[in-house]
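Residue numbers (my numbering), protein chains in the order written: chain U, 74 to 187; chain Y, 87 to 197.
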Amino acid sequence: DVKVTQSSRYLVKRTGEKVFLECVQDMDHENMFWYRQDPGLGLRLIYFSYDVKMKEKGDIPEGYSVSREKKERFSLILESASTNQTSMYLCASSPNRDGGETQYFGPGTRLLVL
Amino acid sequence: QKEVEQNSGPLSVPEGAIASLNCTYSDRVSQSFFWYRQYSGKSPELIMSIYSNGDKEDGRFTAQLNKASQYVSLLIRDSQPSDSATYLCAPYGGSNYKLTFGKGTLLTVNP
Numbered sequence: 074d075v076k077v078t079q080s081s082r083y084l085v086k087r088t089g090e091k092v093f094l095e096c097v098q099d100m101d102h103e104n105m106f107w108y109r110q111d112p113g114l115g116l117r118l119i120y121f122s123y124d125v126k127m128k129e130k131g132d133i134p135e136g137y138s139v140s141r142e143k144k145e146r147f148s149l150i151l152e153s154a155s156t157n158q159t160s161m162y163l164c165a166s167s168p169n170r171d172g173g174e175t176q177y178f179g180p181g182t183r184l185l186v187l
Numbered sequence: 087q088k089e090v091e092q093n094s095g096p097l098s099v100p101e102g103a104i105a106s107l108n109c110t111y112s113d114r115v116s117q118s119f120f121w122y123r124q125y126s127g128k129s130p131e132l133i134m135s136i137y138s139n140g141d142k143e144d145g146r147f148t149a150q151l152n153k154a155s156q157y158v159s160l161l162i163r164d165s166q167p168s169d170s171a172t173y174l175c176a177p178y179g180g181s182n183y184k185l186t187f188g189k190g191t192l193l194t195v196n197p
């Protein structure tokens, strides 16, 4: 079974803090993705990566950065957390370079920024 | 702007009935289509994928694709209360590694 894990299920941070969300997949997948999900707005892609040290902006990259130093690990960084970044954050991975394969999701991290 | 449209619902059906979930998409080059189920507070999980026109059946689930009409649907036969969830439609365009997700349809199956 494909397994995607995220470092925290729930996280509470203060405005202005630097926040790291970690995602690890154990199936040697090429592609990894970070989404946020908000009521009424659906899943929105923040960043994705199709190879180690490669990253591409998604639809809403502002206020975020990412790091992929190893194939299995993809980190999302909030440089200075703000209240409008309170959300459910979902990491996903997919097997192949062309991205046409299924994306598998981690359990999600619910982030509250106070 | 690629768009995926789904009726937000809630779609309410009695237990044992057929639930029909619909999705239209704007990107004509979409090649692959995925249906995800998401329970409240949980992450999406894949339940069906379909790549060519026609029907694809997997247990109680049938996915239907009509590329000419840019329409994909999911039928759930013999609906169970455990099917109550939000169903997300996600076409894949083939050129940018990304899935485009609809906002989902909330299905409620009443015992």
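Backbone N, C-alpha and C fix where the C-beta goes; we use that ideal spot for every residue, glycine too.
Here the structure is a predicted model, which is why all the values come from computation and not from measurement.
What first and last residue would you give for the beta strand (DSSP E) that runs through residue i?
i: Arg117/U; result: 115-122
i: Glu90/U; result: That residue, Glu90/U, is in no beta strand (DSSP E); it is neither H nor E in DSSP.
i: Asn157/U; result: Segment: none, Asn157/U is in no beta strand (DSSP E) and carries neither H nor E.
i: Phe187/Y; result: Phe187/Y -> no beta strand (DSSP E), and no H or E assigned at all.
i: Thr175/U; result: Taken as a continuous stretch (DSSP letters only), Thr175/U belongs to no beta strand (DSSP E), as it is neither H nor E.
i: Glu26/U; result: This structure cannot settle anything about residue 26/U, because the visible part of chain U is limited to 74 through 187.
i: Asp111/U; result: 104-111
i: Asp144/Y; result: 140-144
Alpha carbon to alpha carbon, how far is residue i from residue j?
i: Asn196/Y; j: Lys189/Y; result: 23 Å
i: Ala144/Y; j: Glu90/U; result: Per the sequence shown, the amino acid found at residue 144/Y is Asp instead of Ala. Cα to Cα, Asp144/Y sits roughly 47 Å from Glu90/U.
i: Asp101/U; j: Lys143/U; result: 10 Å
i: Tyr125/Y; j: Gln150/Y; result: 22 Å
i: Gln156/Y; j: Ile104/Y; result: 22 Å
i: Gln110/U; j: Gln117/Y; result: 24 Å
i: Arg82/U; j: Ser153/U; result: 20 Å
i: Leu107/Y; j: Gly95/Y; result: 10 Å
i: Phe147/U; j: Thr88/U; result: 23 Å
i: Trp107/U; j: Leu185/Y; result: 12 Å
i: Gly140/Y; j: Ile150/U; result: 43 Å
i: Thr159/U; j: Ser140/U; result: 21 Å
i: Pro100/Y; j: Gly113/U; result: 26 Å
i: Gln176/U; j: Met105/U; result: 9 Å
Just confirm the distance between the C-beta atoms of residue i and residue j, as a whole number of angstroms; I'd bet it's less than 8 Å.
i: Asn169/U; j: Glu103/U; result: 6 Å
i: Leu163/U; j: Ser129/Y; result: 6 Å
i: Val158/Y; j: Ile136/Y; result: 7 Å
Is there contact between the region 180-187 of chain U and the region 118-129 of chain U, where contact requires at least three CB pairs shorter than 8 Å? no
Does the region 106-121 of chain Y come close enough to the region 165-178 of chain Y to have 3 or more Cβ pairs within less than 8 Å? yes
For the region 90-138 of chain Y, which segments carrying the beta strand (DSSP E) assignment without a break, of at least 3 residues, lie completely within its bounds, in sequence order? 90-92, 97-100, 105-111, 118-124, 131-136
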